[in-house]
Structure formats: C-alpha cells, structure tokens
Amino acid sequence: MHHGTEWTVEEDALAFLTDAGLAGRLTMPQQGRWQTSGEPAVDQFLTKTEERLAE
1 MHHGTEWTVE EDALAFLTDA GLAGRLTMPQ QGRWQTSGEP AVDQFLTKTE
51 ERLAE
C-alpha cells in the first residue's frame, strides 16, 4: 500500500517487473553480460532516452 489503498493488479505487475529487472541489472554485470555505468554504451543509451522523454 503506497497511496492509502490496495494496489491494483496492474500496479503489482509493474512493481514485480521492476524488481525483476533491477535484480537482473545487478546480476548481469557480475557475469560480464551487462555494461556498468560510466561505459559508453550505457551513457549513450541514457542520453538518447532522456532526449526522447524530453520531447
């Protein structure tokens, strides 16, 4: 309960998927399968995403 009422199915699903994604993002760099912050691909992705969100 975040906003004083029980979460909807959609909110529960989004929270679950967010948590699963974050767990994957923490695990994959340890396995050498995902770049960490400060690496060019990550920086370029974040810049491109921020530009699209600003539109």
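Residue numbers for the sequence shown follow full-length UniProt numbering, so the first one is 1 and each next one is one higher.
For glycine and all other residues, C-beta sits at the position ideal for the given N, C-alpha and C.
Values in this document were obtained by computation on a predicted structure and should not be read as measured data.
By how many angstroms is the C-alpha of residue j removed from the C-alpha of residue i?
i   : j   : result
L14 : T5  : 16 Å
L53 : T36 : 22 Å
P29 : A23 : 11 Å
D12 : K48 : 29 Å
R25 : L17 : 12 Å
R33 : G21 : 14 Å
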